[in-house]
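Here the structure is laid out as structure tokens; the discussion comes afterwards.
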Amino acid sequence: MNIDIDFELNGERVSASVEPRLLLVELLRETFRLTGTHIGCDTSQCGACVVHVDGRSVKSCTLLAVQADGARVRTIEGLADGERLHPLQLAFREHHALQCGFCTPGMIMSALELLERDPQADEAAIRHWLEGNLCRCTGYQNILRAVRAAGESMSGGGT
Amino acid sequence: MLPFDYQRAQDLDDAERRLADDENALLLAGGMTLLPTMKMRLAMPSTLIDLNGIAALRGVRTHADGLEIGAMTTHAAVAADPLVRDHLPGLAELAARIGDPQVRNRGTLGGSLANSDPAADYPAAVLACNATIVTRRREIPADEFFFDLFETALEPGEIVTAVRFPPVARAAYAKFANPASRYALAGVMVAADGDGWRVAVTGAGSCAFRHAGLEAALAREFTPAALDGVEIDARAFNDDLHASADYRAALVRAMAQRAVARLSGSA
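The listed protein sequences derive, respectively, from chains A and B.
The opening position of the first sequence corresponds to residue 1 in our numbering, with each subsequent residue numbered one higher.
The opening position of the second sequence corresponds to residue 160 in our numbering, with each subsequent residue numbered one higher.
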């Protein structure tokens with residue numbers, strides 16, 4: 001039996017009628033057409049599906065859509081302010097932190113939670129934090145550089 | 160995933176009633192194990208009863224015997240909690256290394272214990288710290304809680320509400336994590352217990368257990384070297400593509416030695 005839910009999605013109130021087994025990532029991609037959130041492994045290993053629920057990063061392939069009822073959900077599409085990219089997005093572009101780009105939205109949403117809490121996070125903290133995000137292209141070095149640079153920019157250092 | 164019904168429990172009475180009404184219903188805590196298990200159809204519940212709306216199950220409070228941590232408290236909340244960091248620093252350190260940040264944001268203490276995954280971290284902590292698992296029906300000492308692979312003392316319909324930890328100032332956890340899954344290939348928690356030490360092992364056997372030989376050796380001499388000659392019987396250990404039983408036995412010794420080294424300030 002479908003269940004009616006409503007929640008905040010990137011700042012707007014939305015509602016949907018969902019089957020209990022529908023995953024949050026499926027709701028985001030198929031109902032709301034927010035396809036920036038990717039399905040990589042579907043086993044909560046790769047982190048391509050990371051979004052924020054009530055300010056915390058979660059793997060949206062391992063959360064039921066019904067569990068978003070009443071929550072505040074933020075996806076990669078909610079980061080830029082119109083044409084103005086978020087400092088993390090700018091830093092990923094600037095530091096060549098992506099090649100194929102598949103892992104990038106999850107990588108950025110995961111790093112965002114860390115930097116919102118600690119923009120000064122050092123390299124060791126960033127490495128530990130990104131354990132749940134896999135990238136098969138970059139070798140991670142440029143991702144670390146980008147997250148450090150974004151942290152500096154977010155704490156007022158400017159880029 | 161096969162179809163199922165979803166119900167949000169209003170409170171514990173409600174959750175218990177719904178659970179009793181349907182023998183194929185399961186409780187949904189963090190879902191970090193249950194939902195992947197359902198995708199693989201290793202679990203096919205008729206109904207999920209979601210505990211996430213019950214505020215009373217979350218949080219850390221002081222208790223006559225130490226700290227009481229609500230069953231639905233997430234790993235991230237345990238790791239960051241000032242009371243836990245003061246009274247059980249070893250537990251905060253363990254919680255900060257479970258899975259990855261997204262798992263720690265959703266996964267819960269009660270869910271991890273009730274599931275008794277052979278490679279989960281928390282079972283080692285409750286055994287080493289001599290904690291008590293509190294349910295709606297009784298209080299279960301950690302020593303009597305873990306039976307086997309995914310099998311615990313919990314009866315059908317019994318709900319874990321909290322875990323009580325005595326204050327343990329000196330405890331350390333060392334784990335050798337599978338580099339892909341971050342699950343413990345072997346994890347060892349060493350915790351002070353009066354004049355002696357409790358040593359709990361996870362990842363190596365079918366469920367977490369205490370190791371009498373390691374405890375006896377540490378009671379005689381609290382140094383990493385004291386564990387060199389202790390026999391670690393690998394016959395019942397897990398043996399799979401990730402690690403052989405003998406390798407796990409070697410890791411158990413090495414992790415115990417790392418934990419001891421950290422506690423004695425020699426690492």
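Backbone N, C-alpha and C fix where the C-beta goes; we use that ideal spot for every residue, glycine too.
Chain B partners of residue i, CB-CB under 8 Å?
i, result
"Thr-138 (chain A)", "Near Thr-138 (chain A) there are no residues of chain B at all, since even the closest Cβ is about 18 Å away, more than 8 Å."
"Gly-36 (chain A)", "Under the 8 Å cutoff, chain B gives no residues; its nearest Cβ is about 17 Å from Gly-36 (chain A)."
"Val-73 (chain A)", "The premise fails here: Val-73 (chain A) is roughly 14 Å from chain B at the closest Cβ pair, so nothing lies under 8 Å."
"Val-147 (chain A)", "Under the 8 Å cutoff, chain B gives no residues; its nearest Cβ is about 13 Å from Val-147 (chain A)."
"Val-50 (chain A)", "Gln-261"
"Gln-99 (chain A)", "Residues of chain B passing the Cβ test: none, with the nearest at roughly 21 Å."
If the criterion is Cβ atoms closer than 8 Å, does the pair residue i and residue j meet it?
i, j, result
"Ala-333 (chain B)", "Met-414 (chain B)", "yes"
"Val-111 (chain A)", "Leu-98 (chain A)", "The question names Val, but residue 111 (chain A) is Ala in the sequence shown. Going by C-beta atoms, Ala-111 (chain A) is not nearer than 8 Å to Leu-98 (chain A)."
"Leu-344 (chain B)", "Gly-362 (chain B)", "yes"
"Ser-57 (chain A)", "Cys-49 (chain A)", "no"
"Thr-320 (chain B)", "Val-347 (chain B)", "no"
"Trp-356 (chain B)", "Phe-381 (chain B)", "yes"
"Phe-309 (chain B)", "Asp-276 (chain B)", "yes"
"Cys-100 (chain A)", "Cys-46 (chain A)", "no"
"Pro-186 (chain B)", "Leu-210 (chain B)", "A quick correction: the sequence has Leu, not Pro, at residue 186 (chain B). Yes, these two residues count as a Cβ contact at 8 Å."
"Glu-30 (chain A)", "Arg-72 (chain A)", "no"
"Ser-365 (chain B)", "Asp-307 (chain B)", "yes"
"Ala-385 (chain B)", "Arg-394 (chain B)", "no"
"Pro-326 (chain B)", "His-246 (chain B)", "yes"
"Ala-184 (chain B)", "Arg-176 (chain B)", "no"
"Asp-170 (chain B)", "Ile-213 (chain B)", "yes"
Which residues in the same chain as residue i place their Cβ atom closer than 6 Å to its Cβ, once the five residues preceding and following it in sequence are excluded?
i, result
"Gly-158 (chain A)", "For Gly-158 (chain A), the pLDDT reaches just 48, beneath the cut-off of 50, and the residue's location in the model is therefore unreliable, although a value from the coordinates is still provided. So the list is empty, once near-sequence residues are dropped."
"Leu-161 (chain B)", "Met-203"
"Gly-266 (chain B)", "Gly-189, Met-191, His-234"
"Gln-416 (chain B)", "Pro-383, Leu-386"
"Cys-135 (chain A)", "Cys-103"
"Phe-324 (chain B)", "Gly-225, Leu-226, Leu-247, Cys-288, Ala-290"
"Gly-258 (chain B)", "Arg-341"
"Ala-239 (chain B)", "none"
"Leu-400 (chain B)", "none"
Give the interface partners of residue i over in chain B, defined as CB-CB distance under 7 Å, in chain order.
i, result
"Pro-119 (chain A)", "Residues of chain B passing the Cβ test: none, with the nearest at roughly 16 Å."
"Thr-62 (chain A)", "Gly-190, Met-191, Leu-194, Pro-195"
"Val-66 (chain A)", "Tyr-165"
Going along chain A in order, which residues have a C-beta closer than 9 Å to the C-beta of residue i?
i, result
"Ser-112 (chain B)", "Since the displayed chain B opens at 160 and closes at 426, residue 112 (chain B) lies outside it and no answer follows."
Just to confirm my understanding: we take residue i, look at its own chain, exclude 5 residues before and 5 after, and list those with CB closer than 7 Å. What are they?
i, result
"His-370 (chain B)", "Val-358, Val-360"
"Ala-273 (chain B)", "Thr-311, Leu-313, Val-319"
"Glu-19 (chain A)", "Asn-2"
"Met-109 (chain A)", "Val-50, Val-51, His-52, Ser-57, Ile-76"
"Leu-411 (chain B)", "The identity of residue 411 (chain B) in the sequence shown is Val, whereas the question assumes Leu. Only Ala-345, Val-347, Val-360, Ala-363, Ile-391 meet the Cβ criterion."
"Asn-10 (chain A)", "Arg-74, Thr-75, Glu-77, Gly-78"
"Pro-119 (chain A)", "Gly-151, Met-154, Ser-155"
"Glu-113 (chain A)", "His-52, Arg-56, Ser-57"
"Leu-422 (chain B)", "Arg-329, Ala-331, Val-349"
"Asp-398 (chain B)", "Ala-404"
Report, in whole angstroms, the separation of the C-beta atoms of residue i and residue j, which I expect to be a contact under 8 Å.
i, j, result
"Ile-208 (chain B)", "Ala-236 (chain B)", "Going by Cβ atoms, the distance from Ile-208 (chain B) to Ala-236 (chain B) rounds to 22 Å, so no, they are not a contact pair."
"Cys-103 (chain A)", "Asn-142 (chain A)", "Between Asn-142 (chain A) and Cys-103 (chain A) the Cβ distance is about 12 Å, and since that is not below 8 Å, they are no contact."
"Asp-6 (chain A)", "Asp-54 (chain A)", "The pair is not a contact, with the Cβ atoms about 15 Å apart (cut-off 8 Å)."
"Ala-283 (chain B)", "Ala-367 (chain B)", "5 Å"
"His-38 (chain A)", "Gly-139 (chain A)", "In fact, because the Cβ distance is near 20 Å, the residues do not count as touching under 8 Å."
"Leu-85 (chain A)", "Leu-24 (chain A)", "About 25 Å; that fails the 8 Å criterion."
"Val-419 (chain B)", "Val-349 (chain B)", "6 Å"
"Leu-28 (chain A)", "Leu-34 (chain A)", "5 Å"
"Arg-329 (chain B)", "Ala-351 (chain B)", "4 Å"
"Ala-432 (chain B)", "Val-389 (chain B)", "Outside the displayed span of chain B (160 to 426) sits residue 432 (chain B), for which this structure offers no information."
"Glu-123 (chain A)", "Leu-90 (chain A)", "No, Glu-123 (chain A) and Leu-90 (chain A) are not in contact; Cβ-Cβ is about 19 Å, not under 8 Å."
"Ala-204 (chain A)", "Glu-83 (chain A)", "Because chain A here runs from 1 to 159, residue 204 (chain A) falls outside it and cannot be looked at."
"Asp-180 (chain B)", "Ser-205 (chain B)", "With a Cβ gap of about 10 Å, Asp-180 (chain B) and Ser-205 (chain B) do not count as contacting."
So which residues of chain B does residue i contact, with C-beta pairs closer than 9 Å?
i, result
"Arg-29 (chain A)", "The premise fails here: Arg-29 (chain A) is roughly 16 Å from chain B at the closest Cβ pair, so nothing lies under 9 Å."
"Ser-57 (chain A)", "Pro-260, Gln-261, Asn-264"
"Gly-78 (chain A)", "Here the premise fails: no neighbours, minimum Cβ distance about 18 Å."
"Gln-141 (chain A)", "Residues of chain B passing the Cβ test: none, with the nearest at roughly 18 Å."
With a threshold of 8 Å on Cβ separation, who are the neighbours of residue i within its own chain once the five nearest residues in sequence on each side are excluded?
i, result
"Val-243 (chain B)", "Val-219, Leu-226, Ile-228, Val-237, Leu-250, Ala-251, Ala-254"
"Val-322 (chain B)", "Glu-227, Ile-228, Ala-230, Leu-268, Gly-269, Leu-272, Val-285, Ala-290, Thr-291, Ile-292, Val-293"
"Pro-260 (chain B)", "Ala-235"
"Arg-297 (chain B)", "none"
Give me the chain A residues within the contact set of residue i, using Cβ-Cβ distance strictly less than 7 Å, ordered along the chain.
i, result
"Met-160 (chain B)", "Arg-21"
"Asp-164 (chain B)", "Met-1, Pro-20"
Could you tell me which chain A residues have their CB closer than 8 Å to the CB of residue i, listed as they occur along the chain?
i, result
"Lys-198 (chain B)", "Asp-42, Thr-43"
Residue i versus chain E: which residues are under 7 Å apart at the beta carbon?
i, result
"Glu-131 (chain A)", "In the structure shown, chain E cannot be found, because the protein chains are A and B."
For residue i, verify whether its CB is less than 7 Å away from any heavy atom of the ligand ZN.
i, result
"Leu-114 (chain A)", "Among the components of this structure there are no ligands whatsoever, and the ligand ZN is therefore not found."
For this session: Scan the segment 273-294 of chain B for residues whose Cβ lies nearer than 8 Å to a Cβ of chain A and list them as they occur along the chain.
Result: Taking 8 Å as the cut-off between beta carbons, none of the residues of the segment 273-294 of chain B comes near chain A.
Exercise. In chain order, what residues of the segment 101-120 of chain A put their CB closer than 8 Å to some CB of chain B?
Worked result: Cβ contacts with chain B: Ser-110, Glu-113, Leu-114.
Exercise. Closer than 7 Å, Cβ to any Cβ of chain A: which residues of the segment 183-195 of chain B, in chain order?
Worked result: Taking 7 Å as the upper bound on Cβ-Cβ separation, chain A lies near residues Gly-190, Met-191, Leu-194, Pro-195 of the segment 183-195 of chain B.
Problem set entry | Near-chain A residues of the segment 243-264 of chain B - C-beta to any C-beta below 8 Å | Interface annotation for the segment 243-264 of chain B against chain A: Gly-258, Asp-259, Pro-260, Gln-261, Val-262, Asn-264, criterion Cβ-Cβ distance under 8 Å.
Problem set entry | Chain-ordered residues of the segment 205-217 of chain B with a beta carbon less than 8 Å from chain A | Listed by position along the chain: Leu-207, Asp-209, Asn-211.
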